[in-house]
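Single-structure report; data block below.
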Amino acid sequence: MKSKYINFKKNNNFEELKAPAEAIKQGKLVLFPTETVYGIGANALNEEAVKKIYIAKGRASDNPLIAHISHMEMLEQLVEKVGKVEKTLIENFWPGPLTIIFKKKKIVPDIITGGLDTVAIRMPSNQIARKLIEYSNCPIAAPSANISGKPSGTLVEDIIEELDGKVEYIIDSGKVDIGIESTVIRVQDGVVHILRPGKITPEDIQALKIPVHIEKQILGKYKEGEKILSPGIKYKHYSPNTKCVLIYSKDNDKMVQKINELSQNKNVVVLCKTKNLEKYNISNKLNMGNSLEEISKNIFTLLRKADTYKADLILIEGVEKIGLGLAIMNRLIRACAHDYIEI
Ligand code: AMP
Ligand code: MG
């Protein structure tokens, strides 16, 4: 059966969210937008409903989900304690693209935490997401809308084929604002540990005079058996079917030269900045934009588009790993399965 489709592209009538909210209450799945990426949502407190998310995505059961809330009362319902640093982060970044890990209360089912004693919580800024949560009257567990391992969904057209029929409703509001998933952090002994980089950058947090530690695993390769702070790190993610290589140099000309070299005698697609489009003697070029904001917004949809060329190789320009660039490089390095050349 096909999913019911709600077009919210030009619609501001939140009444239309009442039917999908009812579906959430009944333990069904709803695909909805957030400011970061689209999510597949279910009532976070209903074990059977959450199970359906793992099945729809083909997601490993030890990879925990983020519970999305609309009000601070929901936070109190789910977590043991909100520390001083967490309070400061909430005051500054909620609602918004920051996920915070807390010690969980018993009410939170093990299925959403992958058996951990902690739970990841975020209050999204997207109005549709918040109204849906409010009308559902429960926290909504929602991972990115994509089959596990594939690039996350930032545009309904990209994911409809893989998810149609697996959810009760699809709420389509067009392209999302940010385009990469939330920053995930955990506070330990007053230090913010970045478990997944995102739009809220280490620099944004440091500006509040809070010390920040960037976990090495964000850019490194996970080694079997290694202790991990965020289970998602273990798994393949964001990958097109075509082999990808990421190339970066602080010297733009060197980067372009290397990509031109690698493309010789091959059928390639290049993902590049607007300013470099003319510098490639390659026919398949996809424009990522110039600013980090544009690149983050475009990256997942372009990785999917690049796949449609059925090329031998996708070559991708990297960016400097600072600010939002750290989050972009984290996604791209993983999309390329660590096939990364830095000159
Ligand atoms: P996604 O649902 O695709 O946005 O991914 C959620 C991310 O949050 C994954 O990388 C998880 O590993 C991470 N995460 C969720 N819950 C926890 C938790 N309790 N502790 C550490 N990381 C978590
Ligand atoms: Mg995901």
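Residues in the sequence shown are numbered from 1316 upward in steps of one, following our numbering.
Heads up, the beta-carbon is just placed ideally off N, CA and C, and yes, glycines get one too.
Task: Runs of alpha helix (DSSP H) wholly within the stretch 1535 to 1594 (minimum 4 residues, chain order) - done: 1567 to 1577
Open item on the list: The alpha helix (DSSP H) that contains ARG1649, what's its start and end?
Closed with: 1639 to 1650
Open item on the list: I believe GLU1337 touches PRO1439 by the beta-carbon criterion, under 8 Å. Please report the beta-carbon distance rounded to the nearest angstrom.
Closed with: About 20 Å separates the two Cβ atoms, so there is no contact after all.
Open item on the list: Would GLY1505 and VAL1583 qualify as a contact pair, given that the criterion is a beta-carbon distance under 7 Å?
Closed with: no
- [ ] Run the CB neighbour count on SER1606, radius 10 Å, all protein chains shown included, and call it buried at 16 or more, exposed below.
- [x] exposed
Open item on the list: Under 6 Å: does the beta carbon of PRO1546 sit that close to some heavy atom of the ligand AMP?
Closed with: yes
TODO: Can you tell me the Cβ-Cβ gap for ILE1321 and TYR1563, rounded? I've got them flagged as a contact below 8 Å.
DONE: The pair is not a contact, with the Cβ atoms about 40 Å apart (cut-off 8 Å).
- [ ] Could you pull the start and end residues of the beta strand (DSSP E) that ARG1288 belongs to?
- [x] In the structure as shown, the chain starts at 1316 and stops at 1658, and residue 1288 therefore has no counterpart that could be examined.
TODO: Please work out which residues of its chain come closer than 6 Å, Cβ to Cβ, to LYS1465, disregarding the five sequence neighbours upstream and downstream, and give them in chain order.
DONE: none
Open item on the list: Can you tell me which residues form a DSSP beta bridge with PHE1323?
Closed with: Bridge partners of PHE1323: none, in fact.
- [ ] Return the bridge partner residues of GLU1632 from the DSSP annotation.
- [x] ILE1562
Open item on the list: Bridge partners for GLY1354 per DSSP, in chain order?
Closed with: PHE1347 and SER1459
TODO: Quick one: give me the first and last residue of the alpha helix (DSSP H) that TYR1450 is part of.
DONE: 1442 to 1451
Task: Whether LYS1324 touches SER1488 by CB criterion (7 Å) - done: yes
TODO: Could you tell me the distance, in whole angstroms, from the CA atom of VAL1560 to the CA atom of ALA1371?
DONE: 29 Å
Task: Neighbourhood of LYS1418 by C-beta distance below 7 Å, restricted to the same chain and skipping five residues each side - done: VAL1394, GLU1395, LYS1396, ASP1432 and THR1433
Task: Boundaries (first-last residue) of the beta strand (DSSP E) holding THR1292 - done: Beyond the ends of the chain as shown, which are 1316 and 1658, falls residue 1292; an answer cannot be given.
Task: Stretch-stretch touch, CB-based, cutoff 8 Å, three pairs: the stretch 1373 to 1382 with the stretch 1544 to 1554 - done: yes
Task: ARG1619 - DSSP class collapsed to helix/strand/coil - done: helix
Open item on the list: Using CA atoms only, rank isn't needed, just tell me which of LEU1601, ALA1359 and ASN1580 is closest to LYS1590.
Closed with: LEU1601
Task: Coil, strand or helix - LYS1600 by DSSP - done: strand
TODO: Can you tell me which of LEU1478, VAL1502 and HIS1508 puts its alpha carbon nearest to the alpha carbon of MET1316?
DONE: LEU1478
Open item on the list: Is PRO1348 near the ligand AMP - that is, is its Cβ less than 6 Å away from at least one heavy atom of it?
Closed with: no
Task: Contact under 7 Å by Cβ, GLY1468 with TYR1624 - done: no
Open item on the list: Please tell me whether, using a cut-off of 6 Å, the distance from the CB of SER1606 to the nearest non-hydrogen atom of the ligand MG is below it.
Closed with: no
Task: Alpha carbon of VAL1345 to alpha carbon of MET1570, nearest angstrom - done: 42 Å
Open item on the list: Just to confirm, is the Cβ distance from ILE1529 to ILE1500 under 7 Å?
Closed with: no
Open item on the list: With H, G and I counted as helix, E and B as strand and the rest as coil, what does DSSP make of TYR1369?
Closed with: helix
Open item on the list: Pop quiz: THR1498 and LEU1413 are said to be a contact at Cβ under 8 Å. What is the actual Cβ separation, rounded to whole angstroms?
Closed with: 5 Å
TODO: Measure the alpha-carbon distance for LYS1481 versus ASN1596 and round it to whole angstroms.
DONE: 42 Å
Open item on the list: I want to check one thing, is the minimum distance from the CB of THR1428 to the heavy atoms of the ligand AMP below 6 Å?
Closed with: yes
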